[in-house]
Amino acid sequence: MKQILLSGLVVAASFSVNAQETYNFFDPADCDENGWLWFDSADKIAKYVGAGLKIQLIDAPYEIDDPDFPGETIFPPSFADATIKGYNTKGEKGGEGSKTGALELAPATGHGWFDVHGGGFYVHLPDCASFDVVLSASEAEIYTWIEGSKEYADVKDCKYIWNESEPSEWVPEDGPLTKEYYFEYLNVQDHKYDLTFGEGDVRDYLTFQGNKGENRTAVFYNYVTAPLYVHGIRIKTYTDVSKVLEDPFAGVDDIIADDAAVMVSGKVISVDSPAEISVYNIAGAKVASTYGTSLDCNGLLNGIYVVRAGKKAIKVAF
220 MKQILLSGLV VAASFSVNAQ ETYNFFDPAD CDENGWLWFD SADKIAKYVG AGLKIQLIDA
280 PYEIDDPDFP GETIFPPSFA DATIKGYNTK GEKGGEGSKT GALELAPATG HGWFDVHGGG
340 FYVHLPDCAS FDVVLSASEA EIYTWIEGSK EYADVKDCKY IWNESEPSEW VPEDGPLTKE
400 YYFEYLNVQD HKYDLTFGEG DVRDYLTFQG NKGENRTAVF YNYVTAPLYV HGIRIKTYTD
460 VSKVLEDPFA GVDDIIADDA AVMVSGKVIS VDSPAEISVY NIAGAKVAST YGTSLDCNGL
520 LNGIYVVRAG KKAIKVAF
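For the numbering used here, count along the sequence shown from 1 and bump the result up by 219.
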């Protein structure tokens, strides 16, 4: 009896561990031994940053004069560059301990409640266990603003979660992330915001964190009045979307609007019975995934994708 009971406990413990297994959002082959994806090569930037890829950049939402075209205005751009020299904790650009290569997020107009945040980036996640970034800036005090959604969504449809801002008489504990120019911002998913706006209501917290199959859109903005450098990103998910297919179109011939087993209505994919549903872009990167009977892809840009559900694969045009 004791042996049977012990065996049962071992099985239960094993199941519990497996249920909590996490995966790198990015291909581990492109990350260091600690799981960080560094933007220190043009190849990694081309693979992960850009339209239809895993990391989408956002320009600043305010207009400034365009120096190349007098009388016209532009939105300050965000971009990625593998040669950017970051800052170390002492504020030395390219100094010892600094990083090379980054997403450069456009400056904000300020970092108080009435200022306008700068540029940013966003990712569509199948779910989220943890979210970490490495930042540096020419200003010692680093501020950020984060938003999100409990589904794949456009940035404009995401809601406020958290920000670091100037302390005030209303929120005196507010303040910068750091005063050392360089910062490893770990467990961003721990921040959450109560969407119910009232005591006694059923709480509906918005956070980057999401259990297996709970899709998330995570948006990260610069709130520094100078470019904010994102040197590395480490995201762990409960659904494995790390790999990139060498040829996602292999064995897929035609663009299909609907199929007996896989149906597409607008940008919503449906299947007859629960299955692992994955969507790949033309570069072969997995851009959306879930386990269930439907997957909402409204957050994806228009284009041609491959949908794989169980053993079925079709090409779709959104």
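Positions of the beta carbon are idealized from the N, C-alpha and C atoms, including for glycine.
This structure is a prediction, so every number in the text was calculated from the model and none was measured.
According to DSSP, residues forming a beta bridge with residue i
i           : result
residue 309 : Partner(s): none; residue 309 has no beta bridge.
residue 441 : 363
residue 254 : BP columns for residue 254 are empty, so no partner.
residue 494 : 511
residue 412 : 425
residue 455 : 243 and 349
Among the options, the one whose alpha carbon lies nearest that of residue i
i           : options               : result
residue 393 : 245, 460 and 361      : 361
residue 247 : 317, 459 and 428      : 459
residue 523 : 401, 391 and 270      : 270
residue 322 : 364, 342 and 451      : 451
residue 447 : 425, 320 and 493      : 320
residue 530 : 512, 423, 503 and 494 : 494
residue 299 : 308, 288, 281 and 276 : 276
residue 272 : 427, 520, 422 and 534 : 520
residue 349 : 429, 485, 386 and 501 : 429
residue 258 : 335, 283, 433 and 303 : 303
residue 389 : 344, 342, 332 and 301 : 332
residue 264 : 308, 386, 307 and 245 : 245
Nearest-angstrom beta carbon gap, residue j and residue i [assumed within contact, 8 Å]
i           : j           : result
residue 481 : residue 528 : 5 Å
residue 453 : residue 254 : 5 Å
residue 461 : residue 242 : 5 Å
residue 351 : residue 406 : 7 Å
residue 438 : residue 353 : Between residue 353 and residue 438 the Cβ distance is about 18 Å, and since that is not below 8 Å, they are no contact.
residue 483 : residue 513 : Going by Cβ atoms, the distance from residue 483 to residue 513 rounds to 11 Å, so no, they are not a contact pair.
residue 337 : residue 295 : 7 Å
Euclidean distance between Cα positions of residue i and residue j
i           : j           : result
residue 327 : residue 491 : 47 Å
residue 330 : residue 379 : 15 Å
residue 186 : residue 356 : Outside the modelled stretch of the chain, which goes from 220 to 537, sits residue 186, for which no answer is possible.
residue 476 : residue 536 : Note that residue 476 scores 46 on pLDDT, short of 50, meaning its location in the model is unreliable and no value can be drawn from it.
residue 478 : residue 278 : Confidence at residue 478 is low in this model, with a pLDDT of 49, below 50, so the placement of that residue is unreliable and no value is reported for it.
residue 425 : residue 456 : 17 Å
residue 517 : residue 311 : 43 Å
residue 365 : residue 411 : 10 Å
residue 404 : residue 383 : 12 Å
residue 370 : residue 314 : 40 Å
residue 418 : residue 305 : 44 Å
residue 345 : residue 413 : 22 Å
Proximity test, residue i beta-carbon vs the ligand FAD heavy atom, cut-off 8 Å
i           : result
residue 276 : In terms of ligand content, the structure shown is empty, and the ligand FAD therefore cannot be addressed.
What ranges does the beta strand (DSSP E) occupy inside the segment 337 to 409, keeping only unbroken runs of at least 3 residues that lie completely in it? 339 to 344, 349 to 356, 363 to 368, 378 to 382 and 401 to 404
Any chance you could list the alpha helix (DSSP H) runs of at least 4 consecutive residues sitting entirely within the segment 257 to 315, in chain order? 261 to 267
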